[in-house]
Amino acid sequence: MAQPAPKDTWSAQDYDAKASFVYSEAYTTPVLRLLNPQPGDKIYDFGCGSGDLTIKIAKAVGEAGVVVGVDSSESMITQARKNGLLHGFVSDIQAIRFPEDFPPDLRTGFDAVFSNAALHWCKTNPKGVIESAKTILKPGGRFVAEMGGFMNCVGVRSAIHTVLTRRGYDGRQRDPWYFPSVEGYRQLLEFAGFTVNEIALHPRPTPLPHGLTEWLRLFARQSVLEGIADDEAEEIIREIVKICEVDCMDESGQWTLMYVRLRFSSVLQY
(Lines of atoms letter the chains of each structure in order from A and count residues from 1; the text may use other names and numbers.)
(Lines give C-alpha, C1' and ligand atoms only; values in the text may rest on other atoms or scores of the structure.)
Protein backbone atom coordinates (compact mmCIF):
# COMPACT_ATOMS: atom_id res chain seq x y z
CA MET A 1 0.00 0.00 0.00
CA ALA A 2 1.30 3.49 -0.84
CA GLN A 3 2.68 5.49 2.07
CA PRO A 4 0.76 8.61 3.14
CA ALA A 5 2.19 11.81 1.69
CA PRO A 6 3.91 14.25 4.05
CA LYS A 7 2.20 17.53 4.93
CA ASP A 8 1.84 19.60 1.78
CA THR A 9 3.16 23.11 2.44
CA TRP A 10 3.22 24.22 -1.19
CA SER A 11 0.63 26.04 -3.26
CA ALA A 12 1.11 25.58 -6.99
CA GLN A 13 -0.87 28.76 -7.62
CA ASP A 14 1.31 30.88 -5.31
CA TYR A 15 4.48 29.37 -6.72
CA ASP A 16 3.47 30.04 -10.31
CA ALA A 17 2.38 33.59 -9.44
CA LYS A 18 5.46 34.59 -7.43
CA ALA A 19 8.32 32.31 -8.50
CA SER A 20 7.81 31.50 -12.16
CA PHE A 21 11.36 32.76 -12.76
CA VAL A 22 12.53 29.39 -11.38
CA TYR A 23 11.42 27.61 -14.56
CA SER A 24 11.85 30.52 -16.99
CA GLU A 25 13.61 29.82 -20.27
CA ALA A 26 16.49 32.11 -19.35
CA TYR A 27 17.27 30.18 -16.17
CA THR A 28 16.52 26.62 -17.32
CA THR A 29 18.08 26.49 -20.79
CA PRO A 30 21.57 25.50 -19.48
CA VAL A 31 20.37 22.47 -17.50
CA LEU A 32 17.97 21.39 -20.26
CA ARG A 33 20.85 21.53 -22.74
CA LEU A 34 22.84 19.34 -20.37
CA LEU A 35 19.97 16.84 -20.25
CA ASN A 36 19.58 16.99 -24.05
CA PRO A 37 16.40 14.87 -24.23
CA GLN A 38 16.04 12.87 -27.43
CA PRO A 39 13.04 11.24 -29.14
CA GLY A 40 12.29 7.93 -27.46
CA ASP A 41 14.05 8.73 -24.17
CA LYS A 42 12.53 7.61 -20.86
CA ILE A 43 13.06 10.36 -18.27
CA TYR A 44 12.04 11.01 -14.66
CA ASP A 45 11.66 14.55 -13.35
CA PHE A 46 12.45 14.71 -9.61
CA GLY A 47 10.61 17.59 -7.95
CA CYS A 48 8.62 18.35 -11.08
CA GLY A 49 6.52 21.05 -9.45
CA SER A 50 3.66 22.26 -11.62
CA GLY A 51 5.16 20.47 -14.60
CA ASP A 52 6.30 23.31 -16.84
CA LEU A 53 9.71 21.78 -17.57
CA THR A 54 8.32 18.25 -17.43
CA ILE A 55 5.94 19.01 -20.27
CA LYS A 56 8.75 20.61 -22.26
CA ILE A 57 10.84 17.44 -21.83
CA ALA A 58 7.85 15.30 -22.80
CA LYS A 59 7.54 17.21 -26.07
CA ALA A 60 11.23 16.58 -26.77
CA VAL A 61 11.03 12.81 -26.23
CA GLY A 62 7.83 12.58 -28.25
CA GLU A 63 5.28 9.79 -28.39
CA ALA A 64 8.03 7.17 -28.49
CA GLY A 65 9.40 8.37 -25.15
CA VAL A 66 8.08 8.50 -21.60
CA VAL A 67 8.32 11.21 -18.96
CA VAL A 68 7.31 10.69 -15.33
CA GLY A 69 7.01 13.53 -12.84
CA VAL A 70 7.29 13.07 -9.08
CA ASP A 71 6.89 15.70 -6.37
CA SER A 72 6.28 15.72 -2.63
CA SER A 73 3.40 18.18 -3.08
CA GLU A 74 -0.10 17.02 -4.03
CA SER A 75 -0.88 20.60 -5.06
CA MET A 76 2.03 20.60 -7.51
CA ILE A 77 1.19 17.20 -9.00
CA THR A 78 -2.45 18.19 -9.40
CA GLN A 79 -1.41 21.32 -11.29
CA ALA A 80 1.10 19.36 -13.37
CA ARG A 81 -1.68 17.00 -14.48
CA LYS A 82 -3.84 19.99 -15.40
CA ASN A 83 -0.90 21.26 -17.46
CA GLY A 84 -0.72 17.98 -19.38
CA LEU A 85 1.45 15.60 -17.35
CA LEU A 86 0.44 12.03 -18.22
CA HIS A 87 2.45 10.12 -15.62
CA GLY A 88 3.03 11.54 -12.16
CA PHE A 89 2.72 10.76 -8.49
CA VAL A 90 3.38 12.16 -5.02
CA SER A 91 6.46 10.91 -3.18
CA ASP A 92 9.46 12.10 -1.21
CA ILE A 93 12.38 11.64 -3.63
CA GLN A 94 14.68 11.07 -0.65
CA ALA A 95 13.04 7.63 -0.31
CA ILE A 96 10.93 7.17 -3.40
CA ARG A 97 7.80 5.04 -3.08
CA PHE A 98 5.64 4.17 -6.04
CA PRO A 99 1.84 4.05 -5.91
CA GLU A 100 0.59 0.50 -5.54
CA ASP A 101 -1.00 0.53 -9.00
CA PHE A 102 1.93 2.22 -10.77
CA PRO A 103 2.99 0.16 -13.83
CA PRO A 104 6.26 -1.81 -13.42
CA ASP A 105 7.65 -0.45 -16.69
CA LEU A 106 7.38 3.09 -15.28
CA ARG A 107 9.44 2.28 -12.19
CA THR A 108 12.86 1.38 -13.56
CA GLY A 109 15.01 1.07 -16.69
CA PHE A 110 14.96 4.81 -17.46
CA ASP A 111 17.51 6.67 -19.57
CA ALA A 112 17.75 9.72 -17.31
CA VAL A 113 16.68 11.31 -14.06
CA PHE A 114 16.39 15.09 -14.24
CA SER A 115 15.84 17.71 -11.56
CA ASN A 116 15.69 21.49 -11.44
CA ALA A 117 15.51 23.62 -8.28
CA ALA A 118 14.39 20.76 -6.04
CA LEU A 119 17.34 18.85 -4.59
CA HIS A 120 18.34 21.66 -2.23
CA TRP A 121 15.12 20.93 -0.30
CA CYS A 122 16.42 17.41 0.42
CA LYS A 123 18.48 18.19 3.52
CA THR A 124 17.19 15.21 5.51
CA ASN A 125 18.72 12.58 3.24
CA PRO A 126 20.62 13.85 0.18
CA LYS A 127 22.13 10.39 -0.29
CA GLY A 128 18.61 9.00 -0.48
CA VAL A 129 17.88 11.16 -3.53
CA ILE A 130 20.81 9.59 -5.35
CA GLU A 131 19.71 6.09 -4.31
CA SER A 132 16.22 6.86 -5.61
CA ALA A 133 17.75 7.86 -8.94
CA LYS A 134 19.71 4.60 -9.03
CA THR A 135 16.50 2.64 -8.49
CA ILE A 136 14.97 4.24 -11.57
CA LEU A 137 17.93 4.34 -13.95
CA LYS A 138 19.21 1.62 -16.22
CA PRO A 139 22.99 0.94 -16.18
CA GLY A 140 24.55 3.78 -18.12
CA GLY A 141 21.59 6.02 -17.35
CA ARG A 142 22.20 9.68 -16.57
CA PHE A 143 21.46 11.81 -13.53
CA VAL A 144 21.34 15.48 -14.59
CA ALA A 145 20.29 18.28 -12.29
CA GLU A 146 20.56 21.85 -11.13
CA MET A 147 20.09 22.87 -7.50
CA GLY A 148 21.11 25.50 -5.01
CA GLY A 149 24.83 25.16 -4.30
CA PHE A 150 27.36 26.48 -1.81
CA MET A 151 26.77 30.20 -1.07
CA ASN A 152 23.26 30.15 -2.54
CA CYS A 153 21.17 33.00 -1.08
CA VAL A 154 24.22 34.28 0.79
CA GLY A 155 23.29 37.18 3.06
CA VAL A 156 19.60 36.37 3.28
CA ARG A 157 20.26 32.97 4.80
CA SER A 158 22.54 34.40 7.49
CA ALA A 159 19.99 37.14 8.20
CA ILE A 160 17.34 34.48 8.77
CA HIS A 161 19.63 32.72 11.25
CA THR A 162 20.50 35.98 13.00
CA VAL A 163 16.89 37.01 13.54
CA LEU A 164 15.79 33.55 14.65
CA THR A 165 18.69 33.23 17.11
CA ARG A 166 18.00 36.52 18.85
CA ARG A 167 14.37 35.45 19.25
CA GLY A 168 15.41 32.19 20.90
CA TYR A 169 14.97 29.83 17.94
CA ASP A 170 17.56 27.38 16.63
CA GLY A 171 18.25 28.63 13.11
CA ARG A 172 20.39 25.66 12.15
CA GLN A 173 17.74 23.17 13.18
CA ARG A 174 15.01 25.08 11.36
CA ASP A 175 17.01 25.71 8.19
CA PRO A 176 15.54 23.37 5.52
CA TRP A 177 18.13 23.95 2.81
CA TYR A 178 21.01 21.84 1.56
CA PHE A 179 23.48 23.83 -0.55
CA PRO A 180 26.48 21.54 -1.18
CA SER A 181 29.88 22.37 -2.57
CA VAL A 182 31.14 20.90 -5.84
CA GLU A 183 33.41 18.41 -4.09
CA GLY A 184 30.82 17.53 -1.48
CA TYR A 185 28.21 16.53 -4.05
CA ARG A 186 30.74 14.93 -6.37
CA GLN A 187 31.73 12.60 -3.54
CA LEU A 188 28.11 11.59 -2.93
CA LEU A 189 27.61 10.78 -6.60
CA GLU A 190 30.84 8.84 -6.97
CA PHE A 191 30.28 6.87 -3.76
CA ALA A 192 26.88 5.81 -5.14
CA GLY A 193 28.41 4.51 -8.37
CA PHE A 194 28.08 7.50 -10.69
CA THR A 195 30.80 8.90 -12.92
CA VAL A 196 30.61 12.68 -12.88
CA ASN A 197 31.05 14.15 -16.35
CA GLU A 198 30.41 17.75 -15.39
CA ILE A 199 29.80 19.60 -12.13
CA ALA A 200 30.25 23.28 -11.30
CA LEU A 201 28.84 26.22 -9.37
CA HIS A 202 27.19 29.00 -11.37
CA PRO A 203 26.58 32.34 -9.59
CA ARG A 204 23.37 33.96 -10.84
CA PRO A 205 22.12 37.26 -9.42
CA THR A 206 18.36 36.79 -9.51
CA PRO A 207 15.91 39.74 -9.49
CA LEU A 208 12.85 39.24 -7.29
CA PRO A 209 9.90 40.76 -9.16
CA HIS A 210 7.71 40.71 -6.04
CA GLY A 211 10.42 41.71 -3.57
CA LEU A 212 12.10 39.93 -0.68
CA THR A 213 9.05 39.99 1.58
CA GLU A 214 7.01 37.86 -0.82
CA TRP A 215 10.02 35.61 -1.47
CA LEU A 216 10.27 34.92 2.26
CA ARG A 217 6.53 34.32 2.57
CA LEU A 218 6.71 31.79 -0.24
CA PHE A 219 9.96 29.98 0.52
CA ALA A 220 10.46 30.47 4.29
CA ARG A 221 7.04 30.82 5.94
CA GLN A 222 6.15 27.11 5.73
CA SER A 223 9.70 25.85 6.23
CA VAL A 224 12.10 27.93 8.33
CA LEU A 225 9.23 29.69 10.09
CA GLU A 226 6.91 26.69 10.34
CA GLY A 227 4.95 26.55 13.59
CA ILE A 228 5.58 30.20 14.45
CA ALA A 229 2.47 32.33 14.98
CA ASP A 230 1.53 34.51 12.02
CA ASP A 231 2.11 37.82 13.81
CA GLU A 232 5.59 36.84 14.95
CA ALA A 233 6.44 35.32 11.57
CA GLU A 234 5.60 38.63 9.90
CA GLU A 235 7.77 40.47 12.44
CA ILE A 236 10.64 38.09 11.68
CA ILE A 237 10.21 38.65 7.95
CA ARG A 238 10.27 42.43 8.41
CA GLU A 239 13.47 42.19 10.45
CA ILE A 240 15.14 39.98 7.84
CA VAL A 241 14.15 42.37 5.06
CA LYS A 242 15.55 45.35 6.99
CA ILE A 243 18.91 43.60 7.48
CA CYS A 244 19.14 42.65 3.80
CA GLU A 245 18.25 46.06 2.34
CA VAL A 246 21.86 47.26 2.32
CA ASP A 247 23.09 44.35 0.17
CA CYS A 248 20.06 43.19 -1.80
CA MET A 249 18.02 46.28 -2.72
CA ASP A 250 19.27 48.77 -5.29
CA GLU A 251 18.66 52.52 -5.49
CA SER A 252 15.43 52.00 -7.44
CA GLY A 253 13.99 49.60 -4.86
CA GLN A 254 14.59 46.45 -6.93
CA TRP A 255 15.46 43.36 -4.89
CA THR A 256 18.03 40.84 -6.12
CA LEU A 257 19.28 37.66 -4.46
CA MET A 258 22.60 36.02 -5.18
CA TYR A 259 21.58 32.58 -6.34
CA VAL A 260 24.42 30.10 -6.83
CA ARG A 261 23.42 27.00 -8.79
CA LEU A 262 25.15 23.64 -8.65
CA ARG A 263 24.72 22.01 -12.06
CA PHE A 264 25.90 18.48 -12.85
CA SER A 265 25.71 15.59 -15.27
CA SER A 266 26.62 12.06 -14.20
CA VAL A 267 26.34 8.49 -15.50
CA LEU A 268 25.41 5.40 -13.48
CA GLN A 269 28.16 2.79 -13.75
CA TYR A 270 26.79 0.10 -11.43
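If you read the sequence shown in full-length UniProt numbering, its first letter stands for residue 1, the second for the next number, and so on. We put the beta carbon where it would ideally sit given N, CA and C, even for glycine.
Report task. Quick one: grab the DSSP three-state call for I43. Result -> DSSP places I43 in strand when its eight states are reduced to three.
Requested in this report: Spatial neighbours of D247 within its chain, please: CB distance less than 8 Å, with the 5 preceding and 5 following residues excluded, ordered by chain position.
Outcome: Excluding positions up to five away in sequence, the list reads G155.
Query raised in the report: Hey, quick one: how far does the alpha helix (DSSP H) through Y27 stretch, first residue to last?
Result: Segment E25 to L35, the alpha helix (DSSP H) holding Y27.
Query raised in the report: Are there 16 or more other CB atoms within 10 angstroms of the CB of N116, so buried, or fewer, so exposed?
Result: When all chains shown are included, N116 counts as buried.
Report task. May I have the straight-line CA-CA distance separating C153 from R261, to the nearest angstrom? Result -> Each residue's Cα considered, the two are about 10 Å apart.
Query raised in the report: From what residue to what residue does the beta strand (DSSP E) around residue 277 run?
Result: An answer regarding residue 277 cannot be provided, because it is not within the stretch 1 to 270 covered by the chain.
Report task. Give me whichever residues DSSP pairs with F98 in a beta bridge. Result -> Per DSSP, none; premise fails for F98.
Query raised in the report: Could you give the distance in angstroms between the alpha-carbon of R142 and the alpha-carbon of L32?
Result: Whole-angstrom Cα-Cα distance: 13 Å.
Query raised in the report: Are the beta-carbon atoms belonging to F150 and I43 less than 9 Å from one another?
Result: No, they are not a contact pair.
**Report entry** Residues that DSSP places opposite M249 in a beta bridge
**Finding:** Per DSSP, the beta-bridge partners of M249 are W255.
Query raised in the report: So, using beta-carbon positions, are Y270 and P203 closer together than 9 Å?
Result: Here Y270 is not near P203, since their CB atoms are 9 Å or more apart.
Query - Per-residue burial, Q173 [other beta carbons within 10 Å of its own, 16 or more giving buried] - result: The residue is exposed, with fewer than 16 neighbouring Cβ atoms inside 10 Å.
Query - Distance between V67 and G84 (C-alpha atoms, nearest Å) - result: When rounded, the distance between both Cα atoms is 11 Å.
Query raised in the report: Is the number of C-beta pairs between the region 68-78 and the region 33-53 that are closer than 8 Å three or more?
Result: In short, these stretches touch, since the Cβ pair count reaches three.
Query raised in the report: My guess is that K127 and L268 are in contact by the Cβ rule of under 8 Å, so how many angstroms apart are they, rounded?
Result: 15 Å between Cβ atoms; not a contact.
Report task. Kindly list the residues whose CB is nearer than 7 Å to the CB of V224, restricted to its own chain and excluding five residues on each side of it in sequence; keep chain order. Result -> Within the same chain, V224 has close Cβ partners I160, R174, D175 and P176.
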